[in-house]
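Residue numbers (our numbering), protein chains in the order written: chain A, 1 to 374; chain B, 1001 to 1285; chain C, 2001 to 2285.
The beta carbon of each residue, even a glycine, is placed where N, CA and C say it ideally should be.
Structure record follows, encoded as structure tokens.
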Amino acid sequence: MQIDLAVKNVTKKFKDFIAVNNVSFEVPDGSFFSILGPSGCGKTTLLRMIAGLTEPTEGAIEIRGESMLGIAPNKRPVNLIFQHLALFPMMNVAENIAFGLRRRRENKTAIKTKVQKILERVDLAGFGQKKTDQLSGGQRQRVAIARCLVLEPTVLLLDEPLGALDLKLREQMKVELKKLQAKVGTTFVYITHDQSEALVMSDHVAVMNQGVYEQIDTPQNLYSNPKTPFVARFVGDNNSWCGRIRECQDDNAEIETDEGAVFRTKIRKPLPPGAAVDLFLRPEAMLIQPDASLSALNRFEVVVKDILFDGANSRLLAHPPNTDTELLIALPQNRQYDYIKKDDKIEIGWDAQSGVCFPHTHGKRKKSEKQEIA
Amino acid sequence: MKNQKRWVLWFFLSPVLLWLVLLIVLPQIDLLTMSFHVENDDGRMVWSFANYLTFFQEPIYWLTFVRTAVYSILVTFLTFIIALPIAFYITKVAAPKFQGFLMMLLLLPFWVSELVRVYGWMILLRESGVINHFLIKLGLLNKPVEMLYNDATMIMGLVYTSMLFMVIPIVSVLESLDNSLIEAAYDLGADMWSILVKIIIPHAIPGIVSGSIVVFMLTLGNYLTPNLMGGKNSLWFTEQIYNQFIASFNWNQGAAFGFLLLVLSSLVIWIGLKLTKQNLKKVVQ
Amino acid sequence: MIRTLPTSKTYNWCFKTYVILYFTFLFAPLLITCILAFNDSQFPSLPWKGFTVDWFTANLPERVGIFHDQINLDSIWVSFQVAFFVAILATTVGTLGAFLFEQEDFRFKQLLYFMMLAPLVIPGVILGISLLLFSNTLGLYFETRWNLDVELFRPGFWLVVLGQFSFIATLVTLVVAARLKKFDRTLEEAALNLGANRFEVIWHITLKFLSPAIIGAAAVAFLMSFENFNTTLFLVGHEATLPINLYLQVRDGSTPVINAISFLLIVGTSLLAMANLYFSKKEEE
């Protein structure tokens, strides 16, 4: 498989601040690659370096094996979709799309046919003479994409282009973008802070935090097998406990939480007994009132504090008796659990395979410290 | 890429530097050095304070100077008093559909040359002028009165001439004043006076200051209006400069006067900015 | 108080009267000037002796209309030429200046910015005399050093152009810079990303965006130059500009020809002003 984009040990410093710290990754031809991270994690800086709008302090960027160092942004085979699209308001749709072709001094008839073709491809045939401000949010989006795709770039960079859209349209555009990428086959590098965008569209996602990569993986693996506590917390919702190892065998461990509950769970790396750990558990991994016949489950009791109704995404907000650890528990809307009311005591069960456990890191200790004081 | 950036910088910088150095900085320096030179008995130029001594020793010069300064401040103040209600009316009271029209009416007279406007006042006010004609027809006067060539008329002319430069900045700051602030103050029981003093004027300060600076500057440096509307006794300092340059051909004396006027205008503007805690950069925007 | 609040009848009535008086004050001199341009009388004053267009078209020994008045026609033509060159120069340099101060970074930028603002606080008269002195100094230097007589350094057409340009360029810079401030720089990056070089970016994107401001600024520069009196007064040579020429005539007595010229000026500038306003409105939509 051909590698379209390779980023090798790239570092960017702004005075004392390190925006991107020694980042490396490769994007294969024709894939949809996302960089996911909270705002300020350095993902925009990384994208601007690939586009050539910012120079890296150290490291190399290669496109199809060619080094891009010192090459001006207007000479690179990458195009960028800006966060606010940056459609030229002084030009109509067709002129916007033809802009890059004109700069290449292509002949007029060729430009005209190419513009025609790309407009059809993004379902905007007949919109050529419209002003950019006469378009809807989704149409503007597609013009911005067409404007780049018509230049047939090796890599298309997208800088949170859905951020400015309203929720409904965003959901719709997610699907559309993925379909479009499959249709044109261009390599997409997409950055976003919205995990759902990254998970839905991408072949591979790189999770970035404070200038470094935490994990690069498929969306499924990121969700089910996070490699770091940050990924576990950032990708999808998660419940967490602080506790200590009681016993550890290979990738199975028995853990006592700071509140005194004992759980069996899988662990990424064996740890000695007594080591402090963080345990993560997805809301949908918890079964409400599990059948008594399921013997292998971790079981414990909780008190329902509130019912957070949100359609298919409804949750129970609950806590184990006499503690203030808050847990989110998925509440399937199949009417099976309609009897559950506020302040009810219910039993929860979960499979040892669905938990994930990391050595304790600082910053999340607060909850247990509070308990110790109490 | 670095080289290209330098090239672009010099492309923008060089014409601006040429303009500012050759047409502003060096001429001002030349003005200053000229003002410290006099011709000695051999006809050579020598360094001297004589030009400035003359200024302080001849009452006619420094009296004109003081008069010009005081009248300019008075004109600025009067312009402000007249302009504020107009700006307020246009931005806050007039129906929105008339606003554009009123603004256009406001702007129009000032697109016309100052000379034409002063000339208009002259044919209105002079002894054989239009106002005298009507007053006699109505029987209010027996014989025509000369209304031109006195200080009051001159001040009115100066106010008229610089009115726009006060109204426009105040209009633009008042436009940015949220109506709900006035409504809230009203709702909380404030009367008109306290709304004006506590809400409107504090918000409008930047506009008032920038308007005042421009009006003061233009009034101080005006030549036409005092010359054509003022009387024999209402000499303006710019006329003194003109006399030195064109009539007496004493350029060194004229340069000293010019420099004094420059110092006066910078000083008053600086004090004005300090008193209102504004700075020039902010006021310009 | 304001239009959204209930107000008393007296308050409204007082305010309206004030506004009407203000606009009367604003337009009275201009209207009278225009009306008297058509009075069939040797003097620009009442009583009304009947309608005539003699002061525009006549070519009689005792009445020469403006269309046959060679001196005035010449001065109009001179003013046109001066204004044309000033507008071109000031717009070019002012636009470059706006780019310089908004988009480039260099040492002493603050200092240069304040130098650029200086013409706002230097009275026009001072700009005129300092340039006169400086050009004279340069002229003397060239003559004694190389025995060269440079026409440019003597009062005349090009010195007038330079003198007016020196402060009009500041206004253009400020107007264009204000517009440039609103420019979204990601548009430039987008163009760069789509393969344009720096020059193409400026030409196709930035200047397109600025064009309404640049055209507006050029129109204002033209008008300001056309009407300038203070700076021109000291720099003018044999070819008098229209304001200088009119001033000399007004000072020494007046004929309705001046009213005729004023009428043409008022109509002309109003048309230009309205066109400008119309285009800027259209741009906003």
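- Message: Taking 8 angstroms as the threshold (C-beta atoms), are C:Gly2094 and C:Thr2173 in contact?
- Response: yes
- Straight-line Cα distance separating B:Met1103 from B:Ile1090: 8 angstroms
- Identify which residue in B:Val1171, B:Glu1175, B:Ile1199, B:Asn1051 has its Cα closest to the Cα of B:Ala1184. B:Ile1199
- Query: Going along the region 137-151 of chain A in order, which residues come within less than 8 angstroms of chain C, judged by CB to CB distance?
  - Reply: Arg147, Cys148, Leu151
- May I ask you to report which of helix, strand or coil DSSP gives A:Val78? strand
- Message: Short of 7 angstroms Cβ to Cβ, which residues in the region 89-109 of chain A face chain C?
- Response: Met90, Phe99, Gly100, Arg103, Arg104
- Task: Report yes if the C-beta distance between A:Leu119 and A:Ala125 is below 8 angstroms; otherwise report no.
- Result: yes
- Mind checking if A:Ala164 is an interface residue toward chain C, Cβ cutoff 8 angstroms exclusive? no
- Taking buried to mean at least 16 other C-beta atoms within 10 Å of its own C-beta, is B:Gln1244 buried or exposed? buried
- Item | Contacting positions in the region 2138-2155 of chain C - beta carbon closer than 7 angstroms to chain B | none
- Message: I'd like to know if B:Phe1012 contacts chain C, where contact means its C-beta is closer than 8 angstroms to some C-beta of that chain.
- Response: yes
- Validate contact between the region 2117-2137 of chain C and the region 1020-1032 of chain B using beta carbons, cut 8 angstroms, 3 pairs: yes
- Quick one: is C:Ile2069 near chain A, going by C-beta distance under 8 angstroms? Before going on, a small fix: residue 2069 of chain C reads as Asp here, not Ile. Cβ-Cβ to chain A under 8 angstroms: no for C:Asp2069.
- Identify which residue in C:Val2175, C:Leu2235, C:Leu2096 has its Cα closest to the Cα of C:Gln2164. C:Leu2235
- Helix or strand or just coil, what does DSSP make of C:His2068? helix
- Query: Do you know whose CA, among A:Thr57, A:Ile35, A:Gln2, A:Gly37, lies nearest A:Asp16's CA?
  - Reply: A:Thr57
- Task: Use the C-beta contact count for A:His360: other C-beta atoms within 10 angstroms, 16 or more gives buried, fewer gives exposed.
- Result: buried
- Hey, B:Val1075 and B:Thr1219 are a contact pair by Cβ (cut 8 angstroms); roughly how many whole angstroms apart? 5 angstroms
- Task: Go through its chain and collect everything with a Cβ distance to C:Leu2120's Cβ below 7 angstroms, but skip five positions before and after it.
- Result: Thr2170
- Residues of chain C with CB under 8 angstroms from A:Ala86, in chain order? Asp2184, Thr2186, Leu2187, Glu2189, Ala2190
- Message: Among A:Pro320, A:Phe358, A:Val212, whose alpha-carbon lies nearest the alpha-carbon of A:Thr44?
- Response: A:Val212
- Write down every uninterrupted run of the alpha helix (DSSP H) in the region 117-203 of chain A whose length is 4 residues or greater and which is fully enclosed by it, in chain order. 137-149, 167-184, 195-201
- Query: Got a sec? Which residues, its chain only, sit under 8 angstroms from A:Ile373 by beta carbon, not counting five neighbours each side?
  - Reply: Because the pLDDT of A:Ile373 is 34, which lies under 50, any placement of that residue in the model is unreliable, and the number read from its coordinates should be weighed accordingly. For A:Ile373, where only same-chain residues beyond five positions count, there are no Cβ hits under 8 angstroms.
- Please confirm if C:Gly2216 has its CB atom under 8 angstroms from at least one CB of chain A. no
- To the nearest whole angstrom, what separates the beta carbons of B:Gly1211 and B:Ile1170, a pair I think is in contact under 8 angstroms? 6 angstroms
- Item | Identity of the residues DSSP links to C:Gly2216 by a beta bridge | None, per the DSSP bridge assignment.
- Query: Relative to the alpha-carbon of A:Cys41, which residue among A:Gly65, A:Lys12, A:Pro273, A:Met173 has its alpha-carbon at the smallest distance?
  - Reply: A:Lys12
- Item | Proximal residues of chain A, C-beta to C-beta of C:Ile2168 below 7 angstroms | By Cβ distance, chain A contributes nothing, its closest Cβ being about 27 angstroms from C:Ile2168, past 7 angstroms.
- Task: Could you work out which residue in A:Arg246, A:Phe230, A:Met49 is closest to A:Pro273 when comparing CA atoms only?
- Result: A:Arg246
- Message: Could you pull the DSSP bridge partners for A:Gln215 from this structure?
- Response: A:Val207
- Message: Please tell me whether C:Ile2066 has its Cβ less than 8 angstroms away from any Cβ of chain B.
- Response: no
- Task: With 9 angstroms as the C-beta to C-beta threshold (strictly closer), list the residues of the region 2012-2032 of chain C near chain B in chain order.
- Result: Asn2012, Phe2015, Lys2016, Tyr2018, Val2019, Tyr2022, Phe2023, Phe2025, Leu2026, Phe2027, Ala2028, Pro2029, Leu2030, Leu2031, Ile2032
- Proximity winner among B:Gly1129, B:Val1268, B:Leu1164, relative to B:Pro1144 (alpha-carbon distances): B:Gly1129
- Using a Cβ-Cβ distance under 8 angstroms, would C:Lys2208 count as near chain A? yes
- Message: For a test of the three-state rule: what should DSSP assign to A:Arg315, helix, strand or coil?
- Response: strand
- State buried or exposed for A:Ser368, treating a residue as buried only when at least 16 other CB atoms are found within 10 Å of its CB. With a pLDDT of 35 at A:Ser368, under the threshold of 50, the modelled position of this residue cannot be trusted; read the value that follows with caution. Buried, since its Cβ has 16 or more Cβ neighbours within 10 Å.
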